[in-house]
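J.:
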Amino acid sequence: MKIFDEIKLDKDGSSEHLYIQLYKVLKALIMEGKLKKGDRLPPIRKLSELLKVNNVTIVTSYRMLEEEKLVYKKVGSGTYVALNFQNHENFFQEQKTPLIDQGHIQLEENAINFASATPSTDLFPVDDFKKVLNEVLDRDKGSAFGYQESQGYYPLRVAIKEYVATYKIVTEISNIQIISGAQQGIDIIAKGLLNHGDYVMIEGPSYRGAMAVFESRGAKIIDIPLEKDGLSLQDLEKKIIAYQPKFLYIMPNFQNPTGISYSLEKKKKILKIAEKYNLLIVEDDYLSDLNFCNDENITLKSLDHKDLVIYIKSFSKIFMPGLRLGFLIVPKLIYKEVLLAKHTTDISTSGLLQRALELYLKRGIWQQHIKYMSTQYMERFEVMVESLEKYMPQEVQYSLPTGGVNFWFKLPEPLSSKELYEIAVKQQIVFAPGHLFFLSSKEGSYFRLSTAAVTVSEIEYGIKKLSGLINELIRKQNHHSDQTNGYTPIL
Ligand SMILES: Cc1ncc(COP(=O)(O)O)c(C=O)c1O
Numbered sequence: 000m001k002i003f004d005e006i007k008l009d010k011d012g013s014s015e016h017l018y019i020q021l022y023k024v025l026k027a028l029i030m031e032g033k034l035k036k037g038d039r040l041p042p043i044r045k046l047s048e049l050l051k052v053n054n055v056t057i058v059t060s061y062r063m064l065e066e067e068k069l070v071y072k073k074v075g076s077g078t079y080v081a082l083n084f085q086n087h088e089n090f091f092q093e094q095k096t097p098l099i100d101q102g103h104i105q106l107e108e109n110a111i112n113f114a115s116a117t118p119s120t121d122l123f124p125v126d127d128f129k130k131v132l133n134e135v136l137d138r139d140k141g142s143a144f145g146y147q148e149s150q151g152y153y154p155l156r157v158a159i160k161e162y163v164a165t166y167k168i169v170t171e172i173s174n175i176q177i178i179s180g181a182q183q184g185i186d187i188i189a190k191g192l193l194n195h196g197d198y199v200m201i202e203g204p205s206y207r208g209a210m211a212v213f214e215s216r217g218a219k220i221i222d223i224p225l226e227k228d229g230l231s232l233q234d235l236e237k238k239i240i241a242y243q244p245k246f247l248y249i250m251p252n253f254q255n256p257t258g259i260s261y262s263l264e265k266k267k268k269i270l271k272i273a274e275k276y277n278l279l280i281v282e283d284d285y286l287s288d289l290n291f292c293n294d295e296n297i298t299l300k301s302l303d304h305k306d307l308v309i310y311i312k313s314f315s316k317i318f319m320p321g322l323r324l325g326f327l328i329v330p331k332l333i334y335k336e337v338l339l340a341k342h343t344t345d346i347s348t349s350g351l352l353q354r355a356l357e358l359y360l361k362r363g364i365w366q367q368h369i370k371y372m373s374t375q376y377m378e379r380f381e382v383m384v385e386s387l388e389k390y391m392p393q394e395v396q397y398s399l400p401t402g403g404v405n406f407w408f409k410l411p412e413p414l415s416s417k418e419l420y421e422i423a424v425k426q427q428i429v430f431a432p433g434h435l436f437f438l439s440s441k442e443g444s445y446f447r448l449s450t451a452a453v454t455v456s457e458i459e460y461g462i463k464k465l466s467g468l469i470n471e472l473i474r475k476q477n478h479h480s481d482q483t484n485g486y487t488p489i490l
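Residues in the sequence shown are numbered consecutively from 0, following numbering that gives the first Met the number 0.
This is the structure in structure tokens:
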């Protein structure tokens, strides 16, 4: 095709790698409709001769297009454009999350709920909170109901500065931003920093609520596979170079959904990489308080000496989700953008609740509550571990987390967790099928069980029953394979 003859790469003047230049040119040709669905890209050797670059340059740029599903390979035949521009729009539309896939799972009243990672309401410290609320009302009267500073109630930010010091996070009061829940934190970061078409990197799998935010801003999401001790660093670096993302969103402690905690070594290496490429990292710390072993699960922010980490803290999992309270620690570089986004979103977080939380922290009731929550969650955690060891079929792969509430499993292929879900729901057991947490719904064999909203007695009963259902599926599958692969004697 003639258009390939017209491709020009800047071999001397540009600081951009040749494979990125080529990837961008080819992508633009597809986006502009100059390359259409079914068009064949030139064979690697031919294009490398034409452009006078080596084969690896062509292979890498084709692979990048393939990762974005803009092209596909046919074995022994070549690389083809996967879609027309109009369909390309649809491709990003398709990534939009249906409501059910955002974690809205229908629950029967008596169901055993392994799906929710939110604490059951009996754990909420209602009486203690009532006392501080009444105290605030008597003390502050009407001013508790006036508009508040967008950045947050100053005494609460002072209390938070002291609170995060216990996590070895050193920050200024002026860097703390009060938010109406971590979800709002993710949203205002995206609102402040992202433009339509920007790239954002996440862990694969990741928290569905964050993906939905990035999609709603028109961002393109790239996932990086998780290994046992955190992100794949090789993949991370390669993709930073290829996509130049606006930021990386991660949960380094007790990741949602996998429960994985990054090793200290990996946390440090990720910060080094961030420094090298001047990459902002959004650390969503929704749960690091629930550490049930002796390993130090330090936050990334505690190690961040270059001010590249935006730290998000939610109080939902360890306190009360309905309060809609949390905070950000925002690097100086982007503070203005985030503050403006907060202001345009809801002006400020509820003054009454901020004041009550400040008293709650100042009086030390907070520490007592965290201790209480830890013992409650730890008991559930231990029963869960025992039940898994006792009942979960060997064919199911999982590794135990060291804290938190999430456990992540892989069914033996080709069993699908959606199929298991359909069967389990009928038996009053719900959990979160794994495809909810991936960008591509191809990952069908994973599922997440959470211990946040189940009682100790429900855990053992639920795991026993669920394991029975999995065994049944495995048995049926084996039976089916025996039949389809069976030998027929020749008589
Ligand atoms: C990883 C993660 N981040 C953020 C949130 C949202 O938290 P919040 O209730 O504080 O908005 C959740 C809720 O499930 C979560 O799992």
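Ideal placement from N, C-alpha and C gives every residue a C-beta, glycine not left out.
Do Y61 and V74 have their C-beta atoms closer together than 8 Å?
T.: No; because the gap between Cβ atoms is not below 8 Å, this pair is not in contact.
J.: Which two residues bound the contiguous beta strand (DSSP E) that contains T78?
T.: First-last of the beta strand (DSSP E) with T78: G77 to V80.
J.: With C-beta atoms as the reference, is A451 less than 8 Å away from T78?
T.: Cβ distance not < 8 Å, so A451 and T78 don't count as in contact.
J.: Is S315 close to ligand 1? I mean its beta-carbon at under 7 Å from any heavy atom of the ligand.
T.: Yes, the beta carbon of S315 sits closer than 7 Å to at least one heavy atom of ligand 1.
J.: Closest by CA to K68, which one among A158, H434, I220 and R379?
T.: Cα-wise, what sits closest to K68 is I220.
J.: Hey, is the stretch 454 to 472 in contact with the stretch 223 to 235, meaning 3+ C-beta pairs nearer than 8 Å?
T.: Verdict: no, contact absent.
J.: Just checking D345 against ligand 1 - is the residue's beta carbon closer than 7 Å to any of the ligand's heavy atoms?
T.: Result no, Cβ not under 7 Å from ligand 1.
J.: Touching or not, the stretch 243 to 255 and the stretch 289 to 298, by the rule of three or more beta carbon pairs under 8 Å?
T.: Touching, per the Cβ criterion.
J.: Report the option in Y390, S444 and L324 whose CA atom is closest to the CA atom of L410.
T.: Selected option, being the one with the closest Cα: S444.
J.: In its own chain, which residues sit with a C-beta less than 6 Å from the C-beta of G350, not counting the 5 before and 5 after it?
T.: Cβ within range, chain order: A143 and Q147.
J.: In this structure, what does DSSP give as the bridge partners for A431?
T.: DSSP lists R447 as partners of A431.
J.: For the stretch 273 to 308, which segments carrying the beta strand (DSSP E) assignment without a break, of at least 3 residues, lie completely within its bounds, in sequence order?
T.: Taking only runs of at least 3 residues, the beta strand (DSSP E) segments lying wholly in the stretch 273 to 308 are 279 to 284.
J.: By DSSP's criteria, F246 is part of a beta bridge. Which residues make up the other side?
T.: Looking at the DSSP assignment, F246 forms a beta bridge with V199 and L279.
J.: Alpha helix (DSSP H) containing Y334: first to last residue?
T.: Residues Y334 to D345.
J.: Can you give me the start and stop residues for the alpha helix (DSSP H) that I422 sits inside?
T.: From DSSP, the alpha helix (DSSP H) with I422 extends over S416 to K425.
J.: Should N405 be labelled buried (16 or more other beta-carbon atoms within 10 Å of its own) or exposed?
T.: Looking at its Cβ environment, which holds 16 or more other Cβ atoms inside 10 Å, N405 is buried.
J.: With a floor of 4 residues, list each alpha helix (DSSP H) that falls wholly inside the stretch 26 to 76, ordered by position along the chain.
T.: Whole alpha helix (DSSP H) segments, 4+ residues: 43 to 50 and 54 to 66.
J.: Identify, in the order they occur along the chain, each residue of the same chain with its Cβ nearer than 7 Å to the Cβ of I346, setting aside the five sequence neighbours on each side.
T.: Counting only Cβ-Cβ distances below 7 Å, and skipping sequence neighbours, we find Y146 and S149.
J.: Would Q183 be called buried (16 or more neighbouring beta carbons within 10 Å of its own) or exposed?
T.: Buried, because 16 or more other Cβ atoms sit within 10 Å of the Cβ of Q183.
J.: Counting pairs of beta carbons, one from the stretch 324 to 332 and one from the stretch 378 to 387, are three or more of them closer than 8 Å?
T.: Contact between the stretch 324 to 332 and the stretch 378 to 387 is absent, because fewer than three Cβ pairs lie under 8 Å.
J.: For F3 and E15, I'd like the C-alpha separation in whole angstroms.
T.: Looking at the two C-alpha atoms, the distance is approximately 20 Å.
J.: What does a CB cutoff of less than 8 Å around A181 pick up in its chain, not counting 5 residues either side in sequence?
T.: Cβ neighbours of A181 beyond the five flanking positions: D283, Y285, I311, K312, S313, S315 and G325.
J.: Expressed to the nearest angstrom, what Euclidean distance is found between the alpha-carbon atoms of I272 and R39?
T.: For I272 and R39, the distance between alpha carbons rounds to 37 Å.
J.: Indicate, with yes or no, if ligand 1 has a heavy atom lying under 7 Å from the CB of D186.
T.: No.
J.: Quick check on DSSP: helix, strand or coil for F408?
T.: Correct three-state label for F408: strand.
J.: If I follow the unbroken beta strand (DSSP E) through P413, where does it start and stop?
T.: Neither: P413 is in no beta strand (DSSP E) and is coded neither H nor E.
J.: Of the choices T120, Q396, I297 and K237, whose alpha-carbon is the least far from that of V265?
T.: For the record, residue 265 in the displayed sequence is Lys; it is not Val. Of the candidates T120, Q396, I297 and K237, the one whose C-alpha sits nearest the C-alpha of K265 is I297.
J.: Using a Cβ-Cβ cut-off of 8 Å (strictly less than) and excluding sequence neighbours within five positions of L155, which residues of its own chain qualify?
T.: If we look at L155 and ignore the five residues flanking it on each side, its Cβ neighbours are I177, Q353, R354, L356, E357 and L360.
J.: Using the C-alpha atoms, what's the distance from D186 back to I535?
T.: Because the chain here runs from 0 to 490, residue 535 falls outside it and cannot be looked at.
J.: Span of the beta strand (DSSP E) holding D4?
T.: That residue, D4, is in no beta strand (DSSP E); its alpha helix (DSSP H) goes K1 to D4.
J.: Counting C-beta neighbours from all protein chains within 10 Å, is the total for L399 16 or more, i.e. buried, or is it exposed?
T.: The residue is exposed, with fewer than 16 neighbouring Cβ atoms inside 10 Å.
J.: Taking 7 Å as the cut-off, is the C-beta of D283 nearer than that to any heavy atom in ligand 1?
T.: Yes.
J.: Whole angstroms is fine: what's the gap from E134's alpha carbon to D127's?
T.: Approximately 11 Å between the Cα atoms of the pair.
J.: Report yes if the C-beta distance between L468 and A423 is below 8 Å; otherwise report no.
T.: Yes.
J.: Do you know how far the Cα of M0 is from the Cα of P217?
T.: Inspection of the sequence shows that residue 217 is occupied by Gly rather than by Pro. Cα to Cα, the separation comes out at about 33 Å.
J.: Quick check: the stretch 108 to 115 against the stretch 428 to 447, are at least 3 beta-carbon pairs closer than 8 Å?
T.: With the cut-off at 8 Å, the stretch 428 to 447 and the stretch 108 to 115 touch.
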